[in-house]
Amino acid sequence: MKKILLPIIVISLSMNLIAQSLTLDEAKKLALKNNPDLLAQEQATKASKNSLWQSYLSLIPSATVNGNYVKFNELRMVGTPELAEETQSYGYTISQPIFNGGKIWLGARMANDGYKIAKENLTNKLLSTIADVESKYFNVLENQNLLEISRKDLLSSQTNVDVAQVRYDAGTLSKAELLQFQSELAGKEVNLIQMENLYQISLLELANFLQIEEIKELSEIPIEAHQLTLDDLCSKSISELDGMIEAVVNIGKENNPSLKKSKISVNTNKKSLLMAGGNFLPSVNLQYSNSWSKYDIQDDYEESGQLGINLSVPIFPLVDNGLEVAKANHNLKQAKYTLGTVSSGIKLSLQSSIINLVAAAKTVKSAKLAMSYSQETYDQMKERFALGANTANDLLFVEVMFTSAQNQYTSSFYNYLRAKSNLMLIMGEEDPQILEKIINR
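In the working numbering, the protein residues as written are 30 to 470.
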């Protein structure tokens, strides 16, 4: 009996796991695991690391081993009366660069900068992947909620048509007013079809981004979980907002991948300028070789060793080297100007994102209040219409107002979540608690 129950329990648990809704954290993990662009950037980073190690290896001595075997077509005299038929030799050579104008060392340091940039590209891709999956996740939930509002709106319109039909049959409502309600109902059916289409498309987009076959259901993000943060943002004074902006800008200056890449680019161009100047300097290389050779008529190998220092001094043309220095200097200035532009742009983006986040939070609060008022008005107008105390136009007007308020409240909340996600992306942070601490100070 136990042997039968165990598989049943395992299958039951598996079915429960499959039936569970996909959470936002689970969606992020899937995206970080499966997203092709992120995986491609990971491989590019590994390739850059290999290039770095390759550049470091050029600093150490290089050694080669060689061997040679020659068989003559005809016997040859090799300094003795005897004739040789073949010769054999082998040896090795060790080379060590002593000084090359700093090119080898600077090349290694530039390769290190390239690896740093590759890591920042990977970080940027990771952050953008998280932001993209959040945006697509929010789109699905928003469309899901708007779809539910559309369904309830359709049911409410059907109820209004039924009430209008009763009044029309009783002679207290004109045919034109009844047609108004029926026309409104038909329009709501069209709107429901459109919302179902948007919802299904957003589900497909999320599934494609996560590289999975299908998504059945997503876990809701209750607004209550964000209510404290929303209230804090709405109550911020001017001085508190300035302090929040300063804290966010400081984090962004430290963590933003684009800004860090620009700083690295300036350092790389400084090294490139030094390397160009090194073209005017001499180069010194040390080389040692040892070889053994013999003819077939000899019993033992003859040994031969050499130790040499190679010195090379650039003489002509020097104009090319001078132009190379000038070019490197212009590139350095360009990198510095680019850094200034990127720094200013990121600072502006962070400031704007904070202001947008506060505005989004206040919009949620106002939209919630508007929805509450419009719902109360709509409920009263429905009662009055059933009693024949107001016209069809009066009820239809407040019905549209209530539906619009519900849609606005739903969209405002998800716009707030998107604004928060975008701010995290520009800050270069993936931990939402960092931003929460700044807001809740």
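Think of the CB as a built atom: it goes at the ideal place given N, C-alpha and C, for glycine as much as any other residue.
Note that the structure is predicted; figures quoted are calculated from it, not measured.
Assigned exposure category for residue i - 16 Cβ within 10 Å defines buried
i	result
Trp-82	exposed
Asp-460	exposed
Lys-62	exposed
Thr-439	buried
Lys-466	exposed
Lys-362	exposed
Lys-204	exposed
Lys-300	buried
Ile-267	exposed
Glu-213	buried
Lys-245	exposed
Ser-50	exposed
Asp-142	buried
Gly-457	buried
Leu-235	buried
Gln-437	buried
Secondary structure of residue i, DSSP reduced to three states
i	result
Leu-35	Here the model assigns Leu-35 a pLDDT of 36, short of 50, so the residue's position is not dependable, and the following value carries that caveat. Looking at Leu-35 - three-state DSSP - the assignment turns out to be helix.
Thr-93	strand
Ala-418	coil
Gly-281	helix
Glu-246	coil
Ile-230	helix
Pro-126	strand
Thr-52	coil
Asn-102	strand
Gln-240	coil
Ser-118	strand
Leu-112	strand
Ser-266	coil
Arg-138	helix
Asp-460	coil
Gly-131	coil
Val-107	coil
Gly-307	helix
Asn-220	helix
Arg-180	helix
When the options are compared against residue i, the one with the closest alpha-carbon
i	options	result
Ile-252	Ile-455, Ala-137, Asn-444, Gln-211	Asn-444
Val-162	Leu-232, Asp-142, Ala-140	Leu-232
Ile-222	Val-195, Leu-207, Glu-177	Glu-177
Thr-188	Gly-457, Leu-336, Ala-415	Ala-415
Arg-447	Asp-191, Lys-132, Ser-87, Val-393	Val-393
Glu-309	Glu-111, Val-348, Tyr-330, Ser-318	The residue you asked about is not Glu; residue 309 is Phe in the sequence shown. That would be Val-348, whose Cα lies nearest to the Cα of Phe-309.
Lys-217	Leu-183, Gln-211, Asp-191, Glu-458	Leu-183
Thr-116	Asn-102, Leu-247, Pro-110, Tyr-85	Asn-102
Asn-237	Asn-319, Asn-422, Asp-66	Asp-66
Tyr-330	Glu-353, Ala-69, Ser-118, Tyr-85	Ser-118
Ser-248	Tyr-402, Leu-386, Asn-174	Asn-174
Ala-215	Lys-58, Ile-241, Gly-374, Ser-179	Ser-179
Thr-201	Glu-412, Thr-420, Gly-351, Leu-352	Thr-420
query = Is there contact between the region 135-152 and the region 71-80, where contact requires at least three CB pairs shorter than 8 Å?
reply = yes
task = Output the residue ranges of the beta strand (DSSP E) runs that lie fully inside the region 311-374 and measure 3 residues or longer, sorted by chain position.
result = 312-324, 331-341
request  = State whether the region 401-408 contacts the region 426-435, with contact taken as three or more CB pairs (one from each stretch) at a distance under 8 Å.
outcome  = yes
request  = Could you say if the region 88-95 and the region 113-132 meet the contact criterion of at least three C-beta pairs nearer than 8 Å?
outcome  = yes
message = Three Cβ pairs or more, each shorter than 8 Å: is that satisfied between the region 338-345 and the region 256-267?
response = no
key: Contiguous alpha helix (DSSP H) assignments of at least 4 residues, all confined to the region 387-453   = none
ask   = Within the chosen definition, does the region 94-113 reach the region 278-297 through at least 3 CB pairs nearer than 8 Å?
value = no
Stretch pair the region 48-59 + the region 124-143: three plus CB contacts closer than 8 Å = no
query = Quick one: any contact between the region 166-181 and the region 329-339, if contact means 3 or more CB pairs under 8 Å?
reply = no
key: Contact the region 268-278 vs the region 367-383: 3+ CB pairs below 8 Å   = yes
Any 3 or more C-beta pairs closer than 8 Å across the region 395-406 and the region 304-318 = no
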